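Read the structure below first, then the notes.
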Amino acid sequence: MIDNYLLEELVTFKKYGTLAATAEHLMITQPTVTRGMQKIEEEFGVQIFDRKPNKISLTKTGELAAEQAQKVLALNQDMIETVQKYDYNQHHITVASVAPGPVILLKSILPDLPQQIDINETLLEPEVALKKLQTNDFSMIMTNQEIQTDEIESRYIGTEKLFVNLNKFTYLANKKSMTFKDLKGFSFIVLFDIGVWKKNAENNIPDAKFLYQNQYEAFTEITKYSDFPYFSTNMSKIDPERKSIDSDEVEIPITGEFSSIDFYATYLKANKKAISPIAEEMTLSWEDII
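Taking the numbering used here, the leading residue of the sequence shown gets 322, the next gets one more, and so forth.
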């Protein structure tokens, strides 16, 4: 087996092209690099360097060797990170979500949970959830789809329902409920990071405009002092930040397809013992909110 430091020297030489530059980048002496190049060539048992007076370069075989060395280094680094993340997850519960609602709920019950839980504030795209669990990036991901494989399972935790907040003098404000089509042509103030809800709204409200705000403070100020409608869900009522909104609006439920999303606690079956109490508490708390 070729040592990693030799593979790193080969990859670095391919990138910088000279022994001097390779030595400088790796912070070692040039004679050390020279010996390394000789040793790695011996390990391969083929000529990978073309040596000329005052110049050394890679042969075609050497180019291939450097490309393969880069792959091995990447695999080794990936192996190290996977083991480290696995070990971390043996002592911590790391959680991510594809939408903000389940995160709001989880934060509200953290004081009642015995485990140490780290919550990732950046929402994930649904299509990466499976891989993120397999690589031990997270112990649990709140997904909008049920996933059942040989190594992963999902547990239903609750349904998030969408509402629209309209100025009470708007002609639609007296409706008991409305559909996405009823909101045709409206302009909405929306927090940018709403995860899977973003496509639901954009794809199903005809001719609508969405004025996305990256900062919650800006979103709050606009909803206070403008007549732009905005969205909320049944999770918003337990969001401490949302409670700060001084609202003259009427909150009206949206009905029909895509106006609600089922969420699941998804995790590796190997972590079921640690995750089940959290998922159970989330389910019970979600039912209390409804």
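The beta-carbon is built from N, C-alpha and C at its ideal position, and this holds for glycine as well.
Quick caveat: nothing in here was measured; it's all calculated off a predicted structure.
Identify the continuous beta strand (DSSP E) that holds Gln262 and give its terminal residues.
Past the edges of the chain, shown from 322 to 611, lies residue 262, and the structure says nothing about it.
State whether the stretch 440 to 448 contacts the stretch 417 to 425, with contact taken as three or more CB pairs (one from each stretch) at a distance under 8 Å.
Yes, they touch.
Excluding the 5 residues preceding and the 5 following Tyr407 in the sequence, name in chain order all residues of the same chain whose CB lies nearer than 7 Å to its CB.
Start at 1 with the first residue of the sequence shown, and residue 407 comes out as number 86. The answer, listed in chain order, is Asn457.
How about Phe507 and Leu532: are their beta carbons less than 8 Å apart?
One-based indexing of the sequence shown puts residue 507 at position 186. One-based indexing of the sequence shown puts residue 532 at position 211. It is not a contact, given that the beta carbons lie outside the stated cut-off.
Let me make sure I understand the geometry here. Which of Ala395, Ala450, Glu481 and Ser606 has the alpha-carbon closest to that of Gln469?
Mapped onto the sequence shown, residue 469 falls at position 148. Nearest option by C-alpha distance: Ala450.
What did DSSP end up calling Asn495 once you bin it into helix, strand or coil?
In the sequence shown, counting from the first residue as 1, residue 495 sits at position 174. Coil at Asn495, not helix or strand.
Just to confirm, is the Cβ distance from Ile515 to Ile543 under 8 Å?
What you label residue 515 is simply residue 194 of the sequence shown in a count that begins at 1. What you label residue 543 is simply residue 222 of the sequence shown in a count that begins at 1. It is not a contact, given that the beta carbons lie outside the stated cut-off.
Within 10 Å of its beta-carbon, does Pro374 have 16 or more other beta-carbons around it, so buried, or fewer, so exposed?
By one-based count along the sequence shown, residue 374 stands at place 53. Counting Cβ neighbours within 10 Å, Pro374 comes out exposed, since fewer than 16 surround it.
With distances taken from CA atoms, which of Val485, Glu474, Leu340 and Phe484 is nearest Lys594?
Within the sequence shown, numbered from 1, the residue matching residue 594 stands at position 273. Residue Glu474 is the option with its Cα nearest to Lys594.
Any idea what DSSP makes of Asn556, helix, strand or coil?
Translated into the one-based positions of the sequence shown, residue 556 becomes position 235. One detail in the question is off: residue 556 reads as Met in this sequence, not Asn. The answer is coil: DSSP assigns Met556 none of H, G, I, E or B.
Would Ile599 pass as a contact of Gln455 if the rule is Cβ separation under 8 Å?
Here the question's residue 599 lines up with position 278 in the sequence shown. Here the question's residue 455 lines up with position 134 in the sequence shown. In this structure, Gln455 does not lie closer than 8 Å to Ile599 by Cβ.
According to DSSP, is Ala417 helix, strand or coil?
For the purposes of this step, residue 417 is identified with residue 96 of the sequence shown, where counting begins at 1. Strand.
May I ask you to report which of helix, strand or coil DSSP gives Thr616?
This structure gives no information on residue 616, because the portion of the chain shown stretches from 322 to 611.
Per DSSP, what kind of secondary structure is Ile369 in: helix, strand or coil?
If you number the sequence shown from 1, residue 369 lands on position 48. It is coil, neither helix nor strand.
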